[in-house]
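Engineer: Residue numbers for the sequence shown, in numbering that gives the first Met the number 0: 0 to 380. Cβ atoms here follow ideal geometry from the backbone N, Cα and C, with glycine treated the same way. Before anything else, here's the structure in question.
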Amino acid sequence: MTTDTLYLDHAATTVVRPEVIDVVVDAMRSANANASGLHGASRAAKNAMEAAREEAASIVGAARPLDIVFTSGGTEADNLALGGVVGRSTRRTLVTSAVEHEAVIESSVALARSGRTHRLVSVDTSCRIDPAEVAEAVDADVAIVSVMTANNEIGTIQPVAETAAAVRSVDPEVVVHTDAVQAFSSETVTLDALDVDLLSLAAHKFGGPKGVGLLAVRSHVRLDPMMHGGGQEAGRRSGTSNVPGIVGMVAAMRIAAADRTSFRRTVGTERDDFERVLGAAVPSITFNGAGVERLPQHSHFHVPGVLAETLLIRLDQRGIQAAAGSACQSGAVEPSHVLTAMGYTSTKAGECIRVTFGWTTRPGDGVTAARRFAETIGDLT
């Protein structure tokens, strides 16, 4: 077993940045009181949180700090977006793409069980939606449309702004949401750039701590709370505020946003080198989504005749840590709903691997990883 481990599962969670760890630890010491209290320690915690809220609003282009709702992560942010809008609306239909993250799909399914209608819009073989097809799914009963900024498995970047425009041309009252969790490190992610009303983020995808996220909300959008209690977050999300996590997330947002150009260049070079070397060594490999715009850190591919589970185990023994599908599927290696929506058979879906680079990726990692992949695939074929 090699001692030089390459972590290539940044789409599942990336490494917490050292600067963020320092911020979190400092907040645990200086701002760890309950931010809802009235005494000095509580005021210090609240001041730290509100300063972070103001900065987060600036980064994602929210009109007011109040338009940022802090959550426990991307899953809660997605659930609040969908359930919050539908719960407040007299309209009862949700429209999503068929390849959304499980947080959006399963939230929609749960809402459908309570009497709402969930419409799925198909994608092409590259995992890309057609804005016109999304617009065709809109009628007078649609409350919200949710289309992710970029797919977490394939890396395909969706035409979110074009989709929002198409939806509003049919009905300007429809709320448009995007799960931007996977895209924040490499893409411009603001409410205006994506032309959306709601935007979800999760800190652990861009160098922040786990267990904290946010939902950015246009000022005109009203949400029913999904969590009830003390009425924190302006009544939209109850629960004692995780101040150390919040300030850590916003520190990570600041760093990631400032580092985007360098990040794109570094991970894009390594991803391209990885695909070039591996494709030459194993000509039977097909890189999924390669014909459309993808996140520069993503590589998703099919290895005919090699089970992904077997390949991942062998790769782990060689110091390569990669994945098959979304890590939010409880560790199960089973047919991905994304690949199924793209038209893959269960057999083909079970032979697909996801490699994702991140901020810790070093020059040369792409070639090193490709060579180890090629050697391991050779052992299995």
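1) Helix, strand or coil for residue 72 per DSSP?
2) Classify residue 375 as buried or exposed, calling it buried when 16 or more other Cβ atoms lie within 10 Å of its own Cβ.
3) Per DSSP, what kind of secondary structure is residue 212 in: helix, strand or coil?
4) Excluding sequence positions up to five away, which residues of its chain have a Cβ less than 7 angstroms from the Cβ of residue 234?
5) Three or more C-beta pairs closer than 8 angstroms, one from the segment 75-88 and one from the segment 191-200: is that the case here?
6) Assuming residue 250 and residue 99 form a contact by the criterion Cβ under 8 angstroms, report the distance between their Cβ atoms to the nearest whole angstrom.
7) To the nearest angstrom, report how far apart residue 13 and residue 358 are at their CA atoms.
8) Decide if residue 8 is buried, meaning its Cβ has at least 16 other Cβ atoms within 10 Å, or exposed.
9) Closest to residue 264 by CA distance: which of 282, 290 and 294 is it?
10) In whole angstroms, what is the alpha-carbon distance linking residue 163 and residue 260?
11) What's the C-alpha gap between residue 336 and residue 308?
12) Do residue 340 and residue 97 count as a contact pair if the criterion is CB distance below 8 angstroms?
13) For the segment 170-214, list the beta strand (DSSP E) runs that are entirely contained and at least 3 residues long, ordered along the chain.
14) Would residue 242 and residue 34 be called neighbours here (beta carbons separated by less than 8 angstroms)?
15) Am I right that residue 321 and residue 353 are in contact with their C-beta atoms under 8 angstroms? What's the rounded C-beta distance?
16) To the nearest whole angstrom, what separates the beta carbons of residue 85 and residue 110, a pair I think is in contact under 8 angstroms?
17) Considering only the alpha carbon of each residue, which of 239, 246 and 148 lies closest to residue 229?
18) Is it right to say residue 44 is buried, meaning 16 or more other beta carbons lie within 10 angstroms of its own, or is it exposed?
19) What does a CB cutoff of less than 7 angstroms around residue 245 pick up in its chain, not counting 5 residues either side in sequence?
Structural biologist: On the basis of the supplied data:
1) coil
2) buried
3) strand
4) 224
5) yes
6) Incorrect: roughly 28 angstroms between the Cβ atoms, too far for contact.
7) 8 angstroms
8) Result: buried.
9) 294
10) 26 angstroms
11) 17 angstroms
12) yes
13) 174-178 and 197-201
14) yes
15) 7 angstroms
16) 6 angstroms
17) 239
18) buried
19) 48, 51, 69 and 211
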